[in-house]
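Here the structure is laid out as structure tokens; the discussion comes afterwards.
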Amino acid sequence: MSEIGSQLLEQMYETAATIRRFEQRAIEQYRVGNIRGYLHPYLGEEAIAVGSIAAIEPDDYIVSTHRGHGHAIAKGHEPRRMMAELFGKETGYCHGRGGSMHVASRSVRNLGANGVVAGGLGIATGAALAIKQRGGSEIVVAFCSDGGSANGMWHESMNLAAIWDLPVIFVLENNQYAVSTPIRDSARVEHLSSRAAGYGMPGLTVDGNDAAVVYGAMLEPVRRARAGEGPTLVECMTFRHGGHHVNDPGLYLPADELARWKAHDPLIVLRERMTRSGVDDATVAQIDERVEQLLEEAVEFATASPDPSVAELLAEVGAN
Amino acid sequence: MTRMKYRDALRAALAEEMERDEAVFCIGEGIGERGGSYKVTEGLLATFGPNRVMDTPLSEAGFVGVGVGAAIAGQRPVVEMLFIDFLMLAMDQVVNQAAKYRFMSGGEGRVPLVIRTQGGAGNSLAGQHSQSLEALFYHVPGLKVVMPSTPHDAKGLLKAAIRDDDPVIFIEHKLLYMTEGEVPDEPYVIPLGEAEIKRSGSDVTLVSWSHMVLKSLQAAEQLAAEGISAEVIDLRTLVPMDIETVLDSVRRTGHLVIAHEAVKRGGVGGDVAAMVAERAFDALRAPIVRVAGLNTVIPFNLALEKAMVPQVADIVAGVRSVLGRPAAAS
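If you're matching them up, the sequences are chains A and B in order. With the working numbering, letter number 158 in the first sequence gets 158, and the count goes up by one each step, no holes. Start counting at 1 in the second sequence, then tack on 1000, and there's your number in the working numbering.
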């Protein structure tokens, strides 16, 4: 990974720290009742969104999941409008109509998070088909999960993408638990990436807690997709720092395993890499301070924003 | 005017829209070289090439999902689902993805997707290839539902469906593909949400859609011989529904019969009846009558199958009963 320069490491660290603080502030705001509904924190998985999205261009698309805040922030969503959407406010990306599980925006080419596990994979595959039909050079990154790999849509989408050589990369975030069910109870293969062979596409498994490793692993799949050579399955091993959602204490996560993964925290890994690349502590502190400010402003913005208008909603519905 | 088959009118609509707009493409099972099971897409592959007339594996959820994604990304896919029964394999993509996207994205997203499919009994295809399932889609906010009965309507409505920015479930009937009718030679589009009075009358309003319109017109013809004047309204699109045309008619006739092939329980006819009762109850001179499929599975045996779905005689009987005229002596 020596080819990754300190500048890219700093950028990735800043994005990862932004996601980390966004999730922590969102949980805090949830606890005081400013956010309702479901909220699935990305804590502990930040390196996957950061590393994979660092490897693509602003014109490229992503399709996200129910655990999608990290993907959205890494793709360029503003934390304050993200936070406002979680608050259900008019200033949020979906004007309070989508919430945490449905953040989407054309402006940053995020085709959307999804409340149905594996439900967005058809959208990713279809967007890739649209690009191919138009002769475009963009690609699609489709985030999916170990839980989603058990779903029929995962199979159908992977197969369709493969037979049509579509420009899509399936980034499988294997956090090893589908809500409370461990992956060993859901799959007989050691690596889910081995299933790629069954579709006739390359598959690889990498350390999903090391953003630099994820970034490096994406380079060849990105080249392949852009060259019209078809999809790749990139499995990134990781672990949630807590339960499935904000109200799930995650007591089923074995304490020793959790401790091991927390010691291998994506932010710690990035900071170690930065130190080795000669980035000093003062620079890290500056980034942390910027992130802190950004999130403070995001919470203030969301808090101060107005609720969406009921009258406007009723007018829209009447237009049906 | 040119006389053409329903399936040829559909093909003409597809060809014209594909010619007009490069973003329009067709995708489905065996629609390329084979031209689809009902030959609607025959010849389109030769004209437009494999990039725009795409065969798929038997992955119904997958290729409907691909249609949703391609539509969101700016294409105008026309997905062919061989049987509406098979659309059940893709319900998450239709109900949770396509139907919700525009709303949940705060109005920013668009899903200009058409799913062409066909339903209905009549060919002894048994319970998994003969259903009339429009009520399932009618019930879901965010979807439009179109069910044309004639070649003229099929062409004009399919063009409107393709140009629409929202997902449209376009339901054909397997007994209609070989029916013929007059189709204008000049280009035309029929806006979604406009019912048509297929036959004017003054004694009773007879509302139906899809293949049941043909049976309703036959029933009206028989009733005319008995001196009963039935007005036959073809809703043509269930969502958006032109209930005003129905209400106007009921206010003139005072009697309403709704005929549809789908099972009566939870059928769209119940909703039409409810809307008329809510808004024109005072115009009704007799209780509304629904003539609909029996609440059971479509049987394989042709005679049994016929007994499950309304026939012309059932509609005639329904009209007589609403008018308080029990069976005429025959």
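Note that CB positions come from ideal geometry on N, CA and C, so glycine has one too. Predicted, not measured: the structure shown is a model, and the values here were computed from it.
Taking a contact to mean a Cβ-Cβ separation below 8 Å, would you say residue i touches residue j in this structure?
| i | j | result |
| --- | --- | --- |
| Ala-1013(B) | Lys-1159(B) | yes |
| His-244(A) | His-40(A) | yes |
| Thr-303(A) | Asn-34(A) | yes |
| Leu-1113(B) | Val-1079(B) | yes |
| Ala-178(A) | Val-50(A) | no |
| Val-168(A) | Ala-161(A) | yes |
| Ser-1229(B) | Ser-1202(B) | yes |
| Asp-1242(B) | Trp-1209(B) | no |
| Lys-132(A) | Ser-305(A) | no |
| Met-153(A) | Tyr-199(A) | no |
| Glu-46(A) | Pro-221(A) | no |
| Phe-1063(B) | Ile-1115(B) | no |
| Val-1183(B) | Met-1001(B) | yes |
| Arg-1246(B) | Val-1291(B) | According to the sequence shown, residue 1246(B) is Val rather than Arg. No. |
| Leu-1058(B) | Met-1147(B) | no |
Put residue i into one of helix, strand or coil per three-state DSSP.
| i | result |
| --- | --- |
| Ile-1315(B) | helix |
| Ser-1330(B) | With a pLDDT of 48 at Ser-1330(B), under the threshold of 50, the predicted position of this residue should be treated as unreliable, and no value is reported. |
| Val-291(A) | helix |
| Ser-2(A) | Its pLDDT being 46, under 50, Ser-2(A) is placed unreliably in this model, and the coordinates cannot settle the point. |
| Lys-1005(B) | strand |
| Thr-1117(B) | strand |
| Asp-256(A) | helix |
| Asp-1282(B) | helix |
| Arg-1052(B) | coil |
| Lys-132(A) | helix |
| Asn-209(A) | coil |
| Arg-1011(B) | helix |
| Asp-1234(B) | strand |
| Pro-221(A) | helix |
| Ala-962(B) | Shown here, chain B extends from 1001 to 1330; a query on residue 962(B) therefore has no answer. |
| Ala-321(A) | Outside the shown range of chain A (1 to 320) lies residue 321(A), about which nothing can therefore be said. |
| Leu-1082(B) | coil |
| Arg-1110(B) | coil |
| Phe-301(A) | helix |
| Gln-11(A) | helix |
| Ala-1273(B) | helix |
| Met-1241(B) | coil |
| Leu-1323(B) | coil |
| Phe-1063(B) | helix |
| Gly-250(A) | coil |
| Val-1094(B) | helix |
| Thr-1041(B) | coil |
| Lys-1306(B) | helix |
Which residue's Cα is closest to the Cα of residue i: the options?
| i | options | result |
| --- | --- | --- |
| Val-43(A) | Gly-112(A), Ile-19(A), Val-32(A) | The displayed chain sequence assigns Leu, not Val, to residue 43(A). It is Ile-19(A). |
| Gly-1181(B) | Glu-1134(B), Val-1189(B), Ala-1154(B) | Ala-1154(B) |
| Arg-1199(B) | Phe-1025(B), Arg-1007(B), Leu-1223(B) | Leu-1223(B) |
| Phe-1048(B) | Ala-1061(B), Gly-1032(B), Tyr-1038(B) | Gly-1032(B) |
| Val-1140(B) | Leu-1082(B), Phe-1103(B), Pro-1191(B), Ala-1046(B) | Phe-1103(B) |
| Asp-1166(B) | Ala-1099(B), Val-1024(B), Arg-1252(B), Val-1312(B) | Ala-1099(B) |
| Ile-53(A) | Glu-316(A), Gln-29(A), Lys-75(A) | Lys-75(A) |
| Gly-115(A) | Thr-125(A), Ala-104(A), Val-291(A), Asp-281(A) | Ala-104(A) |
| Ile-287(A) | Arg-271(A), Pro-266(A), Ser-277(A) | Arg-271(A) |
| Glu-37(A) | Arg-195(A), Glu-23(A), Leu-86(A) | The amino acid occupying residue 37(A) in the given sequence is Gly; Glu does not appear at that position. Per the Cα distances, Leu-86(A). |
| Asp-1021(B) | His-1152(B), Leu-1206(B), Val-1064(B), Asp-1164(B) | Asp-1164(B) |
| Glu-1331(B) | Lys-1144(B), Gly-1074(B), Pro-1187(B) | A question about residue 1331(B) goes unanswered here, because the residues of chain B that appear run from 1001 up to 1330. |
| Ala-1219(B) | Ala-1313(B), Pro-1187(B), Asn-1301(B) | Ala-1313(B) |
| Val-1066(B) | Glu-14(A), Gly-98(A), Ala-124(A), Thr-181(A) | Ala-124(A) |
| Val-1094(B) | His-1152(B), Ala-1259(B), Val-1246(B), Val-1111(B) | Val-1111(B) |
| His-95(A) | Gly-1119(B), Gln-1097(B), Gly-1109(B), Asn-1096(B) | Gly-1109(B) |
| Arg-226(A) | Val-299(A), Ile-139(A), Leu-219(A), Pro-249(A) | Ile-139(A) |
| Arg-223(A) | Thr-275(A), Val-317(A), Glu-57(A), Asp-280(A) | Glu-57(A) |
**OP:** Please specify which runs of the beta strand (DSSP E), each continuous and at least 3 residues long, are wholly inside the segment 35-123 of chain A, giving them in chain order.
**Re:** If only uninterrupted beta strand (DSSP E) runs of at least 3 residues are considered, those enclosed by the segment 35-123 of chain A are 61-63.
**OP:** Would you mind listing the alpha helix (DSSP H) stretches within the segment 142-206 of chain A that are 4+ residues and don't spill past its ends, in chain order?
**Re:** Here the runs fully enclosed are 152-163, 196-199.
Original post:
Quick check: the segment 1118-1127 of chain B against the segment 1294-1306 of chain B, are there 3 or more CB pairs under 8 Å?
Top reply: Touching, yes, given that three or more Cβ pairs across the two stretches are closer than 8 Å.
Original post:
Unbroken beta strand (DSSP E) runs of length 3 or more, entirely within the segment 1146-1231 of chain B: which are they?
Top reply: 1168-1173, 1180-1183, 1196-1199, 1204-1208, all fully within the segment 1146-1231 of chain B.
Subject >> Contact between the segment 60-67 of chain A and the segment 106-122 of chain A (3+ Cβ pairs under 8 Å) >> reply: Judged by Cβ distances under 8 Å, the segment 60-67 of chain A makes contact with the segment 106-122 of chain A, as three or more pairs qualify.
Subject >> Length at least 4, wholly inside the segment 263-291 of chain A: the alpha helix (DSSP H) runs in chain order >> reply: The alpha helix (DSSP H) runs of length 4 or more contained entirely in the segment 263-291 of chain A are, from start to end of the chain, 266-276.
**OP:** Indicate whether the contact test is met: 3 or more Cβ pairs, each with one atom in the segment 175-191 of chain A and one in the segment 1083-1096 of chain B, closer than 8 Å.
**Re:** Taking 8 Å as the limit for Cβ pairs, the verdict is that the segment 1083-1096 of chain B does not touch the segment 175-191 of chain A.
Original post:
Are at least three pairs of beta-carbons, each pair with one atom in the segment 18-32 of chain A and one in the segment 288-295 of chain A, less than 8 Å apart?
Top reply: Result yes; three or more Cβ-Cβ pairs closer than 8 Å.
Subject >> Segment contact, 8 Å Cβ cut-off, at least three pairs: the segment 1006-1025 of chain B with the segment 1170-1177 of chain B >> reply: Contact holds: three or more Cβ-Cβ distances are below 8 Å.
Subject >> the segment 1212-1221 of chain B contacting the segment 1263-1272 of chain B, beta-carbon criterion three pairs below 8 Å >> reply: The segment 1212-1221 of chain B, when compared against the segment 1263-1272 of chain B, does not touch it at the 8 Å Cβ threshold.
**OP:** Could you tell me whether the segment 1064-1084 of chain B touches the segment 1024-1043 of chain B, where touching means 3 or more Cβ pairs closer than 8 Å?
**Re:** They touch, by the three-pair rule.
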